[in-house]
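Trainee: Read top to bottom, the protein sequences are chains A and B.
For the first sequence, our numbering begins at 1 and goes up steadily by one.
For the second sequence, our numbering begins at 119 and goes up steadily by one.
Where a beta carbon is used, it is the ideal one built from N, C-alpha and C, also for glycine.
Below are the structure tokens for one structure; questions will follow.
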Amino acid sequence: QVQLQESGPGLVKPSQTLSLTCTVSGGSISSGGYYWSWIRQHPGKGLEWIGYIYYSGSTYYNPSLKSRVTISVDTSKNQFSLKLSSVTAADTAVYYCARGDQEAFDIWGQGTMVTVSS
Amino acid sequence: QSVLTQPPSASGTPGQRVTISCSGSSSNIGSSTLNWYQQLPGTAPKLLIYSNNQRPSGVPDRFSGSKSGTSASLAISGLQSEDEADYYCAAWDDSLNGWVFGGGTKLTVL
Numbered sequence: 001q002v003q004l005q006e007s008g009p010g011l012v013k014p015s016q017t018l019s020l021t022c023t024v025s026g027g028s029i030s031s032g033g034y035y036w037s038w039i040r041q042h043p044g045k046g047l048e049w050i051g052y053i054y055y056s057g058s059t060y061y062n063p064s065l066k067s068r069v070t071i072s073v074d075t076s077k078n079q080f081s082l083k084l085s086s087v088t089a090a091d092t093a094v095y096y097c098a099r100g101d102q103e104a105f106d107i108w109g110q111g112t113m114v115t116v117s118s
Numbered sequence: 119q120s121v122l123t124q125p126p127s128a129s130g131t132p133g134q135r136v137t138i139s140c141s142g143s144s145s146n147i148g149s150s151t152l153n154w155y156q157q158l159p160g161t162a163p164k165l166l167i168y169s170n171n172q173r174p175s176g177v178p179d180r181f182s183g184s185k186s187g188t189s190a191s192l193a194i195s196g197l198q199s200e201d202e203a204d205y206y207c208a209a210w211d212d213s214l215n216g217w218v219f220g221g222g223t224k225l226t227v228l
């Protein structure tokens, strides 16, 4: 079955760029039909959708984060990535990658905690 | 402040039926299908209900969803201790052009 796994630094300095990668196993990103998303959860808080990418490279971002977010895909590695620039302590959160379609996010990674601190 | 509104907490005793509400607007729940996610402590969210009332394979039929207008609800019947979790509703918002979530409801099984 399809599984997703996030990876990347757990600590990022303020003003720097947060970079995370999601590796997809058990299925191909290129098979189409799904949108590959990033979602975050601030400590003790609810969920916030960051954006998604289609295998073709088409992207859609949360308007509140759009100016700082870039999501890219590498179909050869079956991975997609998140870059969030100019981070502050407010970006400290657990970051999840997830597979979705028009209806819902049906498969989630286990999540990775990213702390923004000097 | 979440776009979708959920009660912060709910509770029930084993065997009881509980419902969790989710309120939105015409740009999200009113024009889109609704999903529910269950997040057990320390784990990633799991899809519980999609398209308002559909259960993915493996989700017990104790869980059911409904939607009317700009509101929706999740019902859990025959409450079990393992149902103790946070529950989130979500929908696409046409005005914001993005997915929006409720603030989550913490369900306690007494």
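1) Taking 7 Å as the CB-CB limit, is B:ASN171 close to chain A?
2) In three-state DSSP terms, what is A:GLU48?
3) What first and last residue would you give for the beta strand (DSSP E) that runs through A:GLN79?
4) Anything in chain B within Cβ reach of A:PHE105, meaning under 7 Å, just list it in chain order.
5) Cutting at 6 Å between CB atoms, please list the residues of its own chain near B:PRO132, excluding the five before and the five after it.
6) Between which two residues does the beta strand (DSSP E) holding B:GLY183 run?
7) Between B:SER144 and the rest of its own chain, which residues show a CB-CB distance below 8 Å, the 5 nearest in sequence each way excluded?
8) Counting contacts by CB-CB distance shorter than 7 Å, is A:TRP108 in contact with chain B?
9) At which residue ranges does the segment 128-184 of chain B contain complete beta strand (DSSP E) runs of 3 or more residues, listed in the order of the chain?
10) Closer than 9 Å by beta-carbon distance: list the chain A residues that pair up with B:PHE219, in chain order.
11) For B:PRO174, go through chain A and note every residue whose CB falls closer than 7 Å to its CB, in chain order.
12) State the DSSP-derived secondary structure class of A:GLU6, mapped to helix, strand or coil.
Mentor: On the basis of the supplied data:
1) Output row for B:ASN171: interface = no.
2) Correct three-state label for A:GLU48: strand.
3) Run containing A:GLN79: 79-84, per the beta strand (DSSP E) assignment.
4) In chain order: LEU165.
5) In its chain, beyond the 5 residues on either side, LEU197 have a beta carbon closer than 6 Å to the beta carbon of B:PRO132.
6) Under the DSSP assignment, B:GLY183 falls in the beta strand (DSSP E) whose first and last residues are 181-186.
7) Residues of the same chain with a CB within less than 8 Å of the CB of B:SER144, apart from the 5 flanking positions on each side, are THR188 in chain order.
8) Yes, A:TRP108 counts as interfacial toward chain B.
9) Within the segment 128-184 of chain B, the complete beta strand (DSSP E) runs of at least 3 residues are 136-141, 152-157 and 164-167.
10) Residues of chain A with a Cβ closer than 9 Å to the Cβ of B:PHE219 are, in chain order, ILE39, GLY46, LEU47, GLU48 and TRP49.
11) The contacting residues are ASP106.
12) In the structure shown, A:GLU6 sits in a strand (DSSP, three-state: E or B).
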